[in-house]
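Inspection log for the structure reproduced underneath, given as structure tokens.
There are 2 protein chains.
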Amino acid sequence: MAKEKKLVEAITSMEEDFAQWYTDVVKKAELIDYASVKGCMVIKPAGYAIWENIQHELDRRFKETGVENVYLPMFIPESLLQKEKDHVEGFAPEVAWVTHGGLEPLQERICVRPTSETLFCDFYANDIHSYRDLPKVYNQWCSVVRWEKTTRPFLRSREFLWQEGHTAHATAEEAEERTIQMLNVYADFCEEVLAIPVIRGRKTDKEKFAGAEATYTIEALMHDGKALQSGTSHNFGDGFARAFNIQYADKDNTLKYVHQTSWGFSTRMIGGLIMVHGDNSGLVLPPRIAPVQVMVIPIRQQQEGVLEKAREVMDALKAAGLRVKLDDSEKSPGWKFAEQEMRGIPLRIELGPKDIEAGQAVIVRRDTREKIAVPIAELAAKIPEVLETMQKEMLERARAHRDAHTYTATTKEEFQDIANSKPGFIKAMWCGCQECEDAIKEELAVTSRCMPFDGEKIADTCIYCGKPAKKLVYWGKAY
Amino acid sequence: MAKEKKLVEAITSMEEDFAQWYTDVVKKAELIDYASVKGCMVIKPAGYAIWENIQHELDRRFKETGVENVYLPMFIPESLLQKEKDHVEGFAPEVAWVTHGGLEPLQERICVRPTSETLFCDFYANDIHSYRDLPKVYNQWCSVVRWEKTTRPFLRSREFLWQEGHTAHATAEEAEERTIQMLNVYADFCEEVLAIPVIRGRKTDKEKFAGAEATYTIEALMHDGKALQSGTSHNFGDGFARAFNIQYADKDNTLKYVHQTSWGFSTRMIGGLIMVHGDNSGLVLPPRIAPVQVMVIPIRQQQEGVLEKAREVMDALKAAGLRVKLDDSEKSPGWKFAEQEMRGIPLRIELGPKDIEAGQAVIVRRDTREKIAVPIAELAAKIPEVLETMQKEMLERARAHRDAHTYTATTKEEFQDIANSKPGFIKAMWCGCQECEDAIKEELAVTSRCMPFDGEKIADTCIYCGKPAKKLVYWGKAY
Chain A
506 MAKEKKLVEA ITSMEEDFAQ WYTDVVKKAE LIDYASVKGC MVIKPAGYAI
556 WENIQHELDR RFKETGVENV YLPMFIPESL LQKEKDHVEG FAPEVAWVTH
606 GGLEPLQERI CVRPTSETLF CDFYANDIHS YRDLPKVYNQ WCSVVRWEKT
656 TRPFLRSREF LWQEGHTAHA TAEEAEERTI QMLNVYADFC EEVLAIPVIR
706 GRKTDKEKFA GAEATYTIEA LMHDGKALQS GTSHNFGDGF ARAFNIQYAD
756 KDNTLKYVHQ TSWGFSTRMI GGLIMVHGDN SGLVLPPRIA PVQVMVIPIR
806 QQQEGVLEKA REVMDALKAA GLRVKLDDSE KSPGWKFAEQ EMRGIPLRIE
856 LGPKDIEAGQ AVIVRRDTRE KIAVPIAELA AKIPEVLETM QKEMLERARA
906 HRDAHTYTAT TKEEFQDIAN SKPGFIKAMW CGCQECEDAI KEELAVTSRC
956 MPFDGEKIAD TCIYCGKPAK KLVYWGKAY
Chain B
506 MAKEKKLVEA ITSMEEDFAQ WYTDVVKKAE LIDYASVKGC MVIKPAGYAI
556 WENIQHELDR RFKETGVENV YLPMFIPESL LQKEKDHVEG FAPEVAWVTH
606 GGLEPLQERI CVRPTSETLF CDFYANDIHS YRDLPKVYNQ WCSVVRWEKT
656 TRPFLRSREF LWQEGHTAHA TAEEAEERTI QMLNVYADFC EEVLAIPVIR
706 GRKTDKEKFA GAEATYTIEA LMHDGKALQS GTSHNFGDGF ARAFNIQYAD
756 KDNTLKYVHQ TSWGFSTRMI GGLIMVHGDN SGLVLPPRIA PVQVMVIPIR
806 QQQEGVLEKA REVMDALKAA GLRVKLDDSE KSPGWKFAEQ EMRGIPLRIE
856 LGPKDIEAGQ AVIVRRDTRE KIAVPIAELA AKIPEVLETM QKEMLERARA
906 HRDAHTYTAT TKEEFQDIAN SKPGFIKAMW CGCQECEDAI KEELAVTSRC
956 MPFDGEKIAD TCIYCGKPAK KLVYWGKAY
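Residue numbers (the numbering used here), protein chains in the order written: chain A, 506 to 984; chain B, 506 to 984.
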């Protein structure tokens, strides 16, 4: 009983302290543990299973668009990292440097990849000769290291898992098309599978990736009104190709530079899942991504026939293609309920002697707590329906929350007032110059999140300087 | 045409120079490329797809035994690596050391994991409290780094991909059982999927893993008569538990040390696949692991109806669950044949106007070159049969080769003679003392590969010292 109380009590309410609530959930739902190297994390089975599901589904979607997987080394020689000027400036301050191999000092120090543009360029420079070698549409699943000062589980850690796609194309148009295509893969995945609605748009030059011509992003709004950059796709034009001399002989026998893209999606989105869907009882996982979708919890399991029936139900649901577990441990039903809720398992089935007598079971939705009595014989048909409804409603709820926390400002005063008092996205027009963007960040502590693709014109002048406006921008505080 | 000739000519014959043949195959079959950090490799799509299939199938087999996946950091603080004496001695000379994070020197240097026993122990020491927390049966898929002086693609590289399982158990018996269970998973996988027969056995103390009580191994014989250690499973007893203080409260409320195991399987087995099955035309992949099982190659594809029919055939085979591609590029059929052979694709279908008229296609097995005319309507039924036969015969052929190169020695002279002139395994009795093992390595350049589980007694005395024999040992030259 001591442990049961601890499980329920130890979680801070999100209204009281959102950051502490987040930390409590990642620990209590057993997603991560801290590691002996500061800023690194142990991803535990419940957390890693979410990542496996993300990998599985994204990888399938990538391959449908012709992506092939590869693996490049984790090390980058310093001289290679330095070949593209903007890129090295962006990353050198936060890489981990290897200086010794075994007992010997290295002749040139090497860094652990913070991202692999330079490695892919080095590889492509050797591998691409002719237009017949194009396009290259490669991806790798790996870990990367960025030596951050302040870290938080999933959201910002010194090592994290991700995929990074790196492509090379004959033309600028094809590269741009691929950049947008992959952004849309991310966006659709977030909405269809993670039930997280996203704004698709372009980053300002200030916020774009080091070395990119254009960075596209999907931005999601967390429960506390902060934004999370959820996936980015970069068009490099031929900048890296020029720095690394990646040329191909075109059909007309002239040498041309390739055009490149890269795009990445990381374990940080597990943080997004928590902060979009979680509540004060813990994690809430959308059914499509949940490693366990249904937990069968027997009531009075010591009574004859209960566990047998519970196993029967589990087997029937498994046969229907659902991911199901049975909690037949010796804990009390109340403890099991609390645990299932903490772990965000979308549905539980309560099944006791009285239910069995009545030929029914009670199913309880994790998100709404709605209880539905269902004849046992109909569980395998009914539960997929309930899960689909839950999936859909979770997306709708997240979208309603986001929309309710998306504000429009047409004057500086309005903008200031919202930025100071209402957490969420602020839509406001911008003149396009970095001075205004810098000043807004400085004075109001919000940054430009993106210029949405479908950006309507809500005013004629820049929210800050009053000069003619060029772009609608979503502003916000970000993780 | 120049490229076609190059593709076929550039491969050295294995009889002439096996090492060069191997290097030619990994390059020509486009499995890897060299990287700018010496001793590291780029695993290209054709190579990585093999690894994905290995992962997929092994992971499925692991999970059937209750394994859960996790991810631990890639960094180990020096003080943590040093906690177990034998372990640090074994690995410290070959790790890569990180000394700087960004612009700052680290207070304590950290190494990139060469293997993760110490990290798992550190984690388990925090995570395990009671018998209820046991067993822990965790695994991770990741890359590891060992700063080797001499490297070869797949077989020995400074960074390689693998899985490492790490388990903790309440009793010594349970740990031993898990150690053997996972060795058997590896062995079955090698034989059933990779068509590589293996000897299951135990390593001598000299050859066991740094810090292990017992190391079990599967050993395969390559085409050149050298052995390849193909997967290992270690029983640590409570040695690491004592060094890291991993204790649990047992049912009787006393504190006990856990018993641990670890087991690993790596990309080196792609090298094994090449060296067991490859021939002078390139790679030969067993159907169950081949990323592409069937290549449809149209003849006179510019003639009306040929490409349409070829596509129809491909679609029918895909619908039958096969992994099929169509080579409709502009290369000549001969070039396409050579390429399909180089890449080890198990089966090709030749389909030209005359075949179509006759309502048939010619299928050609990669391993035997056997040609079989099959009515087009029967392809989808016939090809899975042919692939199964091929899978079976590849295993049989590899086993026959191994058996033909496994020798028995009962006298020192016989042993010397075989070691000097006949590449392969040598079965000989051993007294169990390390002096003899060292001397045999020193004088005859063969090492003990394993003491097989079913080791019969083929003589009464040690092959080297003549004292009473304890164990049958497989000796050989190894990669």
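For glycine and all other residues, C-beta sits at the position ideal for the given N, C-alpha and C. Just so we're clear, the structure is a prediction, and the values are computed from it rather than from any experiment.
Consider the Cβ of residue i: report whether some Cβ of chain A lies at a distance smaller than 7 angstroms.
i: Asp943(B); result: no
i: Lys711(B); result: no
i: Pro598(B); result: yes
i: Gly670(B); result: no
i: Gly607(B); result: yes
i: Lys508(B); result: Because Lys508(B) carries a pLDDT of 44, less than 50, the predicted location of this residue cannot be relied on, and no value is offered for it.
Rounded to the nearest angstrom, what separates residue i and residue j at their Cα positions?
i: Asp959(B); j: Ala933(B); result: 14 angstroms
i: Arg566(B); j: Lys982(A); result: 45 angstroms
i: Leu884(A); j: Arg874(A); result: 18 angstroms
i: Ala825(A); j: Lys887(A); result: 11 angstroms
i: Ile794(B); j: Asp784(A); result: 45 angstroms
i: Pro792(B); j: Gln865(B); result: 23 angstroms
i: Val978(B); j: Lys962(B); result: 10 angstroms
i: Leu726(B); j: Arg705(B); result: 12 angstroms
i: Phe659(A); j: Val797(B); result: 36 angstroms
i: Leu984(B); j: Glu712(B); result: The displayed chain sequence assigns Tyr, not Leu, to residue 984(B). Near 14 angstroms, if we compare the C-alpha coordinates of Glu712(B) and Tyr984(B).
i: Cys936(B); j: Lys917(B); result: 13 angstroms
i: Tyr527(A); j: Ala601(B); result: 35 angstroms
i: Val799(A); j: Glu855(A); result: 11 angstroms
i: Lys588(B); j: Phe694(B); result: 34 angstroms
i: Val789(B); j: Asp872(B); result: 6 angstroms
i: Gly971(B); j: Thr911(B); result: 22 angstroms
i: Ala863(B); j: Val531(B); result: 39 angstroms
Can you name, in chain order, every residue of its own chain whose Cβ lies under 6 angstroms from the Cβ of residue i, other than the five neighbours on each side?
i: Asp743(B); result: Tyr762, His764
i: Val867(B); result: Glu855, Lys876, Ala878
i: Glu947(A); result: none
Residue j and residue i - do their beta-carbons sit closer together than 7 angstroms?
i: Ile548(A); j: Val575(B); result: yes
i: Trp768(B); j: Ser738(B); result: yes
i: Leu831(B); j: Ala815(B); result: yes
i: Met1029(B); j: Lys976(B); result: Nothing can be reported for residue 1029(B): it is not among the residues displayed for chain B, which extend from 506 to 984.
i: Ala675(B); j: Leu639(B); result: yes
i: Arg853(B); j: Ile804(B); result: no
i: Tyr629(B); j: Lys756(B); result: no
i: Val649(A); j: Arg618(A); result: yes
i: Ser621(B); j: Leu577(B); result: yes
i: Glu846(B); j: Gly787(B); result: yes
i: Phe665(B); j: Thr772(B); result: yes
Would you say residue i reaches chain B, if we count a Cβ-Cβ gap shorter than 7 angstroms as a contact?
i: His674(A); result: no
i: Trp602(A); result: yes
i: Tyr553(A); result: yes
Could you name the residues of the same chain whose beta carbon sits closer than 8 angstroms to that of residue i, not counting the 5 residues immediately before and after it, in chain order?
i: Gln525(A); result: Thr517
i: Glu653(B); result: Gly544, Glu599, Arg661, Ser662, Arg663
i: Asp965(B); result: Met934, Pro973, Ala974
i: Val642(A); result: Thr570, Gly571, Val572, Glu573, Gly670, Thr672, Arg683
i: Glu696(B); result: Pro702, Val703, Leu900
i: Ala515(B); result: Asp529, Lys533
i: Leu585(A); result: Thr623, Leu624, Asp627
Once the 5 residues before and after residue i are set aside, which same chain residues still bring their CB inside 7 angstroms of it?
i: Thr913(A); result: Lys932, Ile963
Problem - Contacting positions in the segment 615-642 of chain B - beta carbon closer than 8 angstroms to chain A - result: Of all residues in the segment 615-642 of chain B, Ile615, Val617, Leu624, Asp627, Phe628, Asn631, Asp632 have a Cβ within less than 8 angstroms of some Cβ in chain A.
Practice task
Mind checking the segment 556-584 of chain B against chain C and listing, in chain order, the residues whose C-beta falls within less than 8 angstroms of any C-beta there?
Solution key: Note that chain C does not occur in the displayed structure, where the protein chains are A and B.
Exercise for the section: Using a Cβ-Cβ cut-off of less than 8 angstroms, give me the residues of the segment 537-550 of chain B that come near chain A, in sequence order. Expected result: Result list: Asp538, Ala540, Ser541, Val542, Cys545, Met546, Val547, Ile548, Lys549, Pro550.
Exercise for the section: Return the residues of the segment 897-914 of chain A that lie within a Cβ-Cβ distance of less than 7 angstroms from chain B, sorted by chain order. Expected result: For the segment 897-914 of chain A, the beta-carbon criterion of a distance under 7 angstroms to any beta-carbon of chain B is satisfied by none of its residues.
Exercise for the section: Below 7 angstroms between beta carbons is the criterion; list the residues of the segment 644-665 of chain A that meet it against any residue of chain B, in chain order. Expected result: Taking 7 angstroms as the Cβ-Cβ cut-off against chain B, the residues of the segment 644-665 of chain A that qualify are Ser648, Trp652, Glu664.
Problem - Members of the segment 782-796 of chain B that neighbour chain A once the beta carbon cut-off is set at 8 angstroms - result: Of all residues in the segment 782-796 of chain B, none has a Cβ within less than 8 angstroms of some Cβ in chain A.
Problem - Proximal residues, the segment 949-969 of chain A versus chain B, C-beta separation under 7 angstroms - result: Only those residues of the segment 949-969 of chain A whose C-beta falls short of 7 angstroms from the nearest C-beta of chain B would be listed, and there are none.
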